[in-house]
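Chemist: Have a look at this one before I ask anything.
Protein chains: 2
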Amino acid sequence: MEQSAHILVVDDHRDIRELLSKYLSKNGFRVSDADGGAKMRQILKTAAIDLIVLDVMMPGEDGLTLCRYVRENENIPVILLTALGEETDRIIGLEIGADDYLTKPFNPRELLARIKSVLRRSQSMPREAQKPDEPEELTFDDWTLYVHQRELVSPDGVTVPLSAADYRLLITFLKRPTMVLSRDQLLDLTSGRTAQIFDRSIDNQVSRLRKKIEEDPKTPKMIKTVRGGGYVFTARVTGKVEDAPFDHADEEDAS
Amino acid sequence: MEQSAHILVVDDHRDIRELLSKYLSKNGFRVSDADGGAKMRQILKTAAIDLIVLDVMMPGEDGLTLCRYVRENENIPVILLTALGEETDRIIGLEIGADDYLTKPFNPRELLARIKSVLRRSQSMPREAQKPDEPEELTFDDWTLYVHQRELVSPDGVTVPLSAADYRLLITFLKRPTMVLSRDQLLDLTSGRTAQIFDRSIDNQVSRLRKKIEEDPKTPKMIKTVRGGGYVFTARVTGKVEDAPFDHADEEDAS
DNA sequence: GCCGGTTGATACAGTTGGTTACAATTTCCT
DNA sequence: AGGAAATTGTAACCAACTGTATCAACCGGC
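Keeping their order, the protein sequence lines are chains U and H.
UniProt numbering puts the first sequence at residues 1 to 255.
UniProt numbering puts the second sequence at residues 1 to 255.
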């Protein structure tokens with residue numbers, strides 16, 4: 001982290017984005033911006049963002065949703081911008097895991113101060129440590145997924161190659177065992193996309209993953225279908241946390 | 001896939017209940033209401049509730065207590081109604097796990113907006129929190145249903161394949177043994193649908209399930225018909241809880 | 001550019017479950 | 001008791017849903 005931090009500004013108002021971008025870059029930050037969730041996710045995939053400034057009030061996916069998404073899928077501090085009096089948002093925002101918030105209208109200098117403070121905090125105390133008990137190995141039905149290595153080892157000890165999509169789908173399931181996940185949710189959780197009308201890509205992905213991990217893919221034991229509902233991961237999952245301070249090789253999803 | 005969400009309004013004032021019920025159903029929601037904790041619990045047993053609107057100020061069990069109860073026993077988002085200025089309640093409410101709150105007096109349209117927002121959030125991002133003490137195995141008359149695995153094993157130890165609908169119906173019964181459930185309730189509990197006039201799908205589903213688990217489907221021992229009333233599951237059900245193996249915390253540490 | 005691997009789209013076959021229709025059963029009413 | 005009406009059981013049908021083979025677009029690495 002020798003060079004300046006890279007800030008992502010997410011706001012639906014173009015003028016605010018431009019204002020903030022200009023102001024922040026004048027103050028030595030690298031800045032990207034996004035007008036909504038889709039763009040945000042795209043940028044997160046292609047750039048190493050250090051901090052996100054996120055407006056709560058946005059059409060479509062609101063800021064809280066996106067904040068939670070970031071929390072779930074990335075490891076990047078978030079500062080929320082809330083409208084005056086939206087105390088709910090403020091409190092919920094912090095509960096969801098925002099690192100700070102600012103009430104609009106705000107003084108840009110104030111934002112600058114918060115950004116520096118949050119960056120200082122998150123650098124001195126790597127968030128990896130804050131993120132409680134992120135398991136390093138996940139075991140299910142005699143299989144083991146070594147999360148950091150993205151390596152899946154079968155009950156016989158054979159390493160099964162997982163493609164990027166396989167891995168994303170599998171870990172999405174492993175984090176939510178026994179929970180029925182709709183295709184929409186799976187699509188959102190694995191690739192951040194929203195489903196097209198006749199989108200069958202999740203079915204395909206499930207089918208492919210089943211071929212790799214199910215003994216008999218025709219009668220799956222672990223990934224069960226819920227007609228009209230989606231899929232469930234039914235095997236018992238146990239997570240093992242090692243106390244290795246590790247830098248996330250994990251966040252760079254397929255770019 | 002979704003039809004209209006089913007909202008439960010809990011308030012001790014009859015006029016508020018009626019007002020909200022009317023307003024919400026006019027806006028396309030299905031609504032039930034309860035005047036207190038007892039009724040609330042009863043409804044939660046017999047209907048598939050998607051969201052609860054809960055008044056904090058109530059005689060007897062207050063809203064915060066009930067909110068905590070819901071959090072611990074169900075997986076349903078809660079919106080709290082608090083009196084003006086009761087900031088304590090609000091904050092405690094959110095800490096207890098309410099998903100939003102509204103200060104009385106409020107504009108019904110505001111409530112509507114919050115409801116939609118919470119529903120959107122809870123649908124796009126399923127909460128990972130799991131209900132504690134959820135039985136893992138349910139045994140009835142020498143049969144065993146492995147809940148997480150969605151697998152049913154007969155007295156001879158044979159695994160009987162259950163379709164998604166079979167499973168939903170069976171577990172609905174197993175959770176409510178000796179309770180007469182009307183077709184309407186069963187339909188709501190199994191698929192969240194509301195019955196059409198000549199809806200016989202539950203009868204069919206019962207018939208199909210009987211063929212799988214009754215020794216003699218013509219004279220059922222477990223799923224009995226209550227003419228004019230619905231169906232009852234009459235076998236004795238015992239549940240076995242294994243200690244939760246993996247309480248994966250992606251739950252954020254409250255600041 | 002070529003090659004192996006990955007992933008989404010498409011197509012088609014196999015399943016599921018809601019609907020319908022009708023038979024069987026129960027209730028109710030003379 | 002006899003018969004009509006209401007209720008329930010279930011077979012059969014079919015639309016909707018799901019599994020997966022196949023193909024095409026794409027991507028990274030030589």
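Using N, Cα and C, we set each Cβ at its ideal position, and we do this for glycine too.
(1) Nearest to V226/H by alpha carbon, out of M40/H, R183/H and A195/H?
(2) DSSP on D184/H, reduced to helix/strand/coil?
(3) Reducing DSSP to helix, strand and coil, say where E18/H ends up.
(4) Can you give me the C-alpha to C-alpha distance between E110/U and V118/U, rounded to a whole angstrom?
(5) Between D15/H and A113/H, what straight-line distance do the alpha-carbon atoms span, to the nearest angstrom?
(6) Going by the CB atoms, is the gap between S21/U and V10/U shorter than 8 Å?
(7) In three-state terms, what does DSSP make of R30/H?
(8) Since I79/U and A48/U are thought to touch, with beta carbons under 8 Å apart, how far apart are those beta carbons, to the nearest angstrom?
(9) In chain order, what residues of the same chain lie with their CB nearer than 6 Å to the CB of K212/U, ignoring the 5 residues before and after it?
(10) Please name the residue or residues paired with V70/U in a DSSP beta bridge.
(11) Closest Cβ-Cβ distance between R14/H and chain U: below 8 Å?
(12) So which of L189/H, H148/H and W143/H has the shortest CA-CA distance to A165/H?
(13) Of all Cβ atoms in chain H, is any one closer than 8 Å to the Cβ of D216/U?
(14) Please report the distance separating the alpha-carbon of V70/H from that of R30/U.
(15) By the three-class DSSP mapping on this structure, what secondary structure does G230/U have?
(16) Between A235/H and the rest of its own chain, which residues show a CB-CB distance below 6 Å, the 5 nearest in sequence each way excluded?
(17) Mind listing the chain U neighbours of S163/H? Cutoff is C-beta to C-beta under 9 Å, in chain order.
(18) Counting only C-beta atoms, is S4/H closer than 8 Å to chain U at any point?
(19) What's the C-alpha gap between D250/U and Q185/H?
(20) To the nearest angstrom, report how far apart F220/H and S207/H are at their CA atoms.
(21) Ordered along the chain, which non-local residues of its own chain (more than five positions away) have a Cβ less than 7 Å from that of M179/U?
Modeler: Taking the structure as given:
(1) R183/H
(2) helix
(3) helix
(4) 12 Å
(5) 21 Å
(6) no
(7) strand
(8) The Cβ separation is near 18 Å, so there is no contact.
(9) V160
(10) BP columns for V70/U are empty, so no partner.
(11) no
(12) L189/H
(13) no
(14) 45 Å
(15) strand
(16) F140, D141 and M222
(17) R227
(18) no
(19) Since pLDDT at D250/U reaches only 37, below the 50 mark, its modelled position is unreliable, and no value is offered.
(20) This sequence places Pro at residue 220/H; Phe is not what is there. Each residue's Cα considered, the two are about 10 Å apart.
(21) V232
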